[in-house]
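Numbering (numbering that gives the first Met the number 0), first residue to last: 0 to 860. Yeah, the Cβ is synthetic: ideal placement off N, Cα and C, and Gly gets one too. For reference, the structure is listed below as structure tokens.
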Amino acid sequence: MISKYLLFFMAFSLAISSYSQQIISGKIKDSASNPISNANVSFKTVDGTSILGYTITDNTGDFELKMASEIDSIILNISHISFQPLVENINTKNYKTVFYLKKQIDALEEIVVKSPPPIYKKRDTINYNVSAFSDNNDKAIRDIIEKLPGIEMDGDKILYNNRPIQKFYINGLDMLEGKYSLANENLPAEAVKSVQVVENDQPIKILDSLVFSDRASLNLKLKNDITVTGTTRAGIGGSPLSWDVNTTPMLFRKNIQGLGSYQANNIGKGIEKQLEDLTVEDYETNERKEFVKLVGVMPPPIESKRWIFNNINFLSTNFIKKFDNDLEIKGGVSYLNNNTDQSSYSEKRIFTGENEIRLNEEINTFQNQNNIKGNFTLHTNKKRLYFENKLSFEHEANQGKESVVANNSDIFQKKVDKYSIIKNDLDLKTFVGKKLIQFNSSSHIITSPQALNVSYSDTTSAIQNIELNDWRTKNSASFIERVSNFTIIPEVGFLLEKKTLNSHLQEQNGNEMDDNGNEISKISAIPYLSLGTQFNSKNLNIELNLPFRMTSIKLLDDNELNNKIDKLLIFPHVKLKYDLNSKWSVRIGSGFSQIFSEIDQLYSSPILVNYRNIQRFPSNLRGTKILDSYLSSSFKNPLKGTFIDFSLSNLERFRDFTPSYTINENGFYRFNLIDVPSQQSSFKFNSNLGKFLRKSKTVLKLKNSVSFDSSREKLDSQENNIENYTYSVGLQVNNTLLEWLVVDFENRFLYSKKYIDGDERTSYSLQEYNFDLSIMPYEGHLVSFNQNYTINQFQNSTSSYFADLEYQIQVPEWDIELELGLQNIFNEKEYISLFNTDFSVVENITHLRPRLIFIGLDLKF
Numbered sequence: 000m001i002s003k004y005l006l007f008f009m010a011f012s013l014a015i016s017s018y019s020q021q022i023i024s025g026k027i028k029d030s031a032s033n034p035i036s037n038a039n040v041s042f043k044t045v046d047g048t049s050i051l052g053y054t055i056t057d058n059t060g061d062f063e064l065k066m067a068s069e070i071d072s073i074i075l076n077i078s079h080i081s082f083q084p085l086v087e088n089i090n091t092k093n094y095k096t097v098f099y100l101k102k103q104i105d106a107l108e109e110i111v112v113k114s115p116p117p118i119y120k121k122r123d124t125i126n127y128n129v130s131a132f133s134d135n136n137d138k139a140i141r142d143i144i145e146k147l148p149g150i151e152m153d154g155d156k157i158l159y160n161n162r163p164i165q166k167f168y169i170n171g172l173d174m175l176e177g178k179y180s181l182a183n184e185n186l187p188a189e190a191v192k193s194v195q196v197v198e199n200d201q202p203i204k205i206l207d208s209l210v211f212s213d214r215a216s217l218n219l220k221l222k223n224d225i226t227v228t229g230t231t232r233a234g235i236g237g238s239p240l241s242w243d244v245n246t247t248p249m250l251f252r253k254n255i256q257g258l259g260s261y262q263a264n265n266i267g268k269g270i271e272k273q274l275e276d277l278t279v280e281d282y283e284t285n286e287r288k289e290f291v292k293l294v295g296v297m298p299p300p301i302e303s304k305r306w307i308f309n310n311i312n313f314l315s316t317n318f319i320k321k322f323d324n325d326l327e328i329k330g331g332v333s334y335l336n337n338n339t340d341q342s343s344y345s346e347k348r349i350f351t352g353e354n355e356i357r358l359n360e361e362i363n364t365f366q367n368q369n370n371i372k373g374n375f376t377l378h379t380n381k382k383r384l385y386f387e388n389k390l391s392f393e394h395e396a397n398q399g400k401e402s403v404v405a406n407n408s409d410i411f412q413k414k415v416d417k418y419s420i421i422k423n424d425l426d427l428k429t430f431v432g433k434k435l436i437q438f439n440s441s442s443h444i445i446t447s448p449q450a451l452n453v454s455y456s457d458t459t460s461a462i463q464n465i466e467l468n469d470w471r472t473k474n475s476a477s478f479i480e481r482v483s484n485f486t487i488i489p490e491v492g493f494l495l496e497k498k499t500l501n502s503h504l505q506e507q508n509g510n511e512m513d514d515n516g517n518e519i520s521k522i523s524a525i526p527y528l529s530l531g532t533q534f535n536s537k538n539l540n541i542e543l544n545l546p547f548r549m550t551s552i553k554l555l556d557d558n559e560l561n562n563k564i565d566k567l568l569i570f571p572h573v574k575l576k577y578d579l580n581s582k583w584s585v586r587i588g589s590g591f592s593q594i595f596s597e598i599d600q601l602y603s604s605p606i607l608v609n610y611r612n613i614q615r616f617p618s619n620l621r622g623t624k625i626l627d628s629y630l631s632s633s634f635k636n637p638l639k640g641t642f643i644d645f646s647l648s649n650l651e652r653f654r655d656f657t658p659s660y661t662i663n664e665n666g667f668y669r670f671n672l673i674d675v676p677s678q679q680s681s682f683k684f685n686s687n688l689g690k691f692l693r694k695s696k697t698v699l700k701l702k703n704s705v706s707f708d709s710s711r712e713k714l715d716s717q718e719n720n721i722e723n724y725t726y727s728v729g730l731q732v733n734n735t736l737l738e739w740l741v742v743d744f745e746n747r748f749l750y751s752k753k754y755i756d757g758d759e760r761t762s763y764s765l766q767e768y769n770f771d772l773s774i775m776p777y778e779g780h781l782v783s784f785n786q787n788y789t790i791n792q793f794q795n796s797t798s799s800y801f802a803d804l805e806y807q808i809q810v811p812e813w814d815i816e817l818e819l820g821l822q823n824i825f826n827e828k829e830y831i832s833l834f835n836t837d838f839s840v841v842e843n844i845t846h847l848r849p850r851l852i853f854i855g856l857d858l859k860f
């Protein structure tokens, strides 16, 4: 009975509840009658403030709201992020079931997109925004780099803080290694977003927290992750008939890069420099020894296009591929054929005690160079493993001939030489347990045959033949351990090298024949132990190296022991870097080393170097102690565009010998070394100021240099102290304030003096002014006027004025640029320059290229 009442009560309550609950439903659409899903729907009473119900429309735009009690009128609120909100007062007894929302039209606040500042620093990286420094004249990225404050160009070498860069990356990959001039001269500036200088760059990841590096590297950050770019140029002119061809396509992707280049010209462009290694600092392993030489034309301090008569072709291909496991393979092969034909006239003053000897030479030189080189590298760079093996080779064959009129005497010279090297370098670093172990190995083989044939006007002739061979291997092992702020690097190694020199000089004077020859072998066996220590803290880095070398060198003459050295040598080096704050840093360093006579100073029988120079040396091993010290400081404020650096360096050489010259009345000399101790000193001071004035879009660079060199040498029977003083200052200004006008100005002043035993013998000054003006009269047309004015003050004052005119037309539809140029407008024929040697001063007159009209076509990739 109770259960029946209970069931009745529950049913009655449910009925009352159903009767009292009210449901509001409907559909929400846009103005095109499309259903709107995920719209928010809520309601409240007309006088209320609290939301009484809430729901969201489904995929068909439908919604349903339930009210706990019956209400005659409510406020319905509908909203959606993409539509305007809708608020309606509806009658719950009679209301529409479809609601329409209007599209949201927001008046967004003004957004100001700020471009990055021209120069800024992020951690250890200084970023230069390329667009802030570019102008209408810029073609290759080099045009940008040489304008950047804080960066200098020494020829083709890039310097930061007056020191060569360590690495040259493109999008973080080191494809070209030291041959970065190939990219620097041909990568279009418009493809690069920023130039980055990475300070204190440690390129080996496994050493990153262990071994401090105070070297800087440069990275080019491209605008696009995938970049196909390059240079294509073809030009022709006359007279004489001239041409210039360059096609250099490039591909840059995240993990693969490639660069190929074919270039040829006969307009004086020295493109062979693009194949030079610019970051190698230790040339000890593959330094070339030239025993015989043509006199040649002394290169004047002007652009090669002014004076070089050439016909050059070169081909180069380079690639790098990085795999997912961080393994990299990279390589490159290049071929160069270069023919040059030069002529000059020189007056040489040779100081001998109280007297002077004058030698006048008119020289015509032709040289042919054929060079092929290549390299292949396997490389992996991880936090726990570093491995690199580089195999490289080079072969060069040169021929040259030269006619000389020396003091009215006719001489003819012919030279043939070859140079071949194959080299392998291995570097392995890995952890064994908790110890970091590293192993290095470097080996090479060099052969270099050389020959010189000299014919004099009096029927005298001479033939000099040389055969040089060099075999070398250097291997070392070490471990690296961090103890608090100290890094300890003990290293053991062994160097073994054998150099052999065979020479034969045949002189014929009428019917008489003289033979002179050398058969020399130099064998070096040097085990060594090096104790290296670094102290690294936030602002202070100190490095101390203490190498011990057990040096054993034997000199064999005609296969018999002539001379030997067995010595334990210590070569301490210390350097310090201190950051005073985020802007100022100071570097101090000093080192001691000792070297012994190389094989090119160990032959006792004479070798004819050229028609007026013959050399011979006592067959004994002589040493030179070297003390090298430096102090440098740099200041940088990237946001203000200010960079300052200065450096002091002093180099002292304490020699076991004195250079000795014997000169006859015709200026022909014999060179020798005598066993009398002597000293050679060199002091240099350099300073650079770079400033970017943002408002006026002007780059200012001020350079200053002072040098002093002294040496004790012997001329004939008299010992002399020779001193040279040189001072130079330069100013560079680049202004791009107006889009239609670019102004470049550069000025250099140089002053030099020579003293012999305290008496001033010569003084020389040079003033050089470069002024380049580029005007864009209207879009796509550019007129450039380049001027160079030089004043030389020696015995007499001489001046030279060069002017070039260029007109460029851009055709954007075809991505081409037409160029019409006129070089050497005033047809300057000669350039006078001055050169200092130990006992002489040479005034040289170089014959210049004639006026040239040129038409060119540049195609953009």
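Looking at Gly149, Leu51, Asn452 and Lys146, the one whose alpha-carbon comes closest to that of Ile23 is Leu51. Non-local C-beta neighbours of Tyr768 in its own chain, meaning closer than 6 Å and more than five positions away in sequence, comprise Asn746 and Tyr788, ordered along the chain. For Ala233, the uninterrupted beta strand (DSSP E) segment begins and ends at Thr226 to Gly237. With contact defined as three or more Cβ pairs closer than 8 Å, the region 588 to 598 and the region 622 to 635 are in contact. If you compare the alpha carbons of Glu176, Glu271 and Gly269 with that of Gly330, the shortest gap goes to Glu176. As summarised for the region 186 to 219, the continuous beta strand (DSSP E) elements at least 3 residues long and confined to that stretch are 191 to 197, given in chain order. Here Trp306 carries a helix assignment [DSSP, helix/strand/coil]. With respect to Glu827, Leu833 sits apart: the two C-beta atoms are not nearer than 7 Å. Residue range Thr124 to Asn128 is occupied by the beta strand (DSSP E) that includes Asn128. Sequence-distant partners of Leu530 (beyond 5 residues in either direction) whose C-beta falls short of 6 Å from its own C-beta, in its chain, are Pro489 and Leu545.
Nearest Cα to Val728 within the set Ser704, Val244, Ser710 and Ser632: Ser704.
Burial check for Pro676: the Cβ neighbour count within 10 Å stays below 16, so the residue is exposed. Cβ neighbours of Arg348 within its own chain (closer than 7 Å, five residues either side excluded): Glu355, Arg357, Ser839 and Val840. In the DSSP assignment, Glu664 is bridged to no other residue. In this structure, DSSP gives Glu271 a helical state, which the three-state scheme calls helix.
Assigned with DSSP and collapsed to three states, Asp142 falls in helix. Here DSSP, grouped into helix, strand and coil, assigns Ala31 to coil. Looking at the DSSP output, Asp243 shares a beta bridge with Gly234 and Asn264. Below 8 Å, enough C-beta pairs join the region 294 to 314 and the region 248 to 268 to call them touching: three or more.
When the alpha-carbon of Arg214 is set against those of Asp153, Ile552, Tyr527 and Asn161, the nearest one is in Asn161. Note on Asp134: 16 or more other CB atoms within 10 angstroms of its CB, so buried under the neighbour-count rule.
In summary, Thr59 is exposed, with fewer than 16 beta-carbon neighbours lying within 10 Å of its beta-carbon over all protein chains present.
For Leu181, the uninterrupted alpha helix (DSSP H) segment begins and ends at Ser180 to Asn183. The Cβ neighbour count for Leu172, taken over all protein chains shown within 10 Å, is at least 16; the residue is labelled buried.
In chain order, Asp469, Lys521 and Ile598 place their CB closer than 6 Å to the CB of Lys498, counting only its own chain and leaving out the 5 sequence neighbours on each side. Asp409 places its beta carbon 7 Å or farther from that of Ser342. Assigned with DSSP and collapsed to three states, Ile50 falls in coil, not helix or strand.
With contacts defined as CB atoms closer than 7 Å, Ile371 and Tyr418 fail to qualify as a contacting pair.
Per DSSP, the beta-bridge partners of Pro163 are Leu158. By DSSP's assignment, Gly516 forms a beta bridge with His503.
Rounded to the nearest angstrom, the gap between the Cα atoms of Pro115 and Asn128 is 7 Å. Judged by DSSP secondary structure, Ser680 falls within the beta strand (DSSP E) whose first and last residues are Ser677 to Leu692. Judged by DSSP in its simplified three-state form, Pro448 adopts strand. In this structure, the alpha-carbon of Gln786 lies about 7 Å from that of Tyr800.
Relative to the Cα of Asp837, the nearest Cα in the group Ile755, Asp771 and His780 belongs to Ile755. Residue nearest to Thr247 within the set Gly237, Thr231 and Leu451 is Thr231 (criterion: CA-CA distance).
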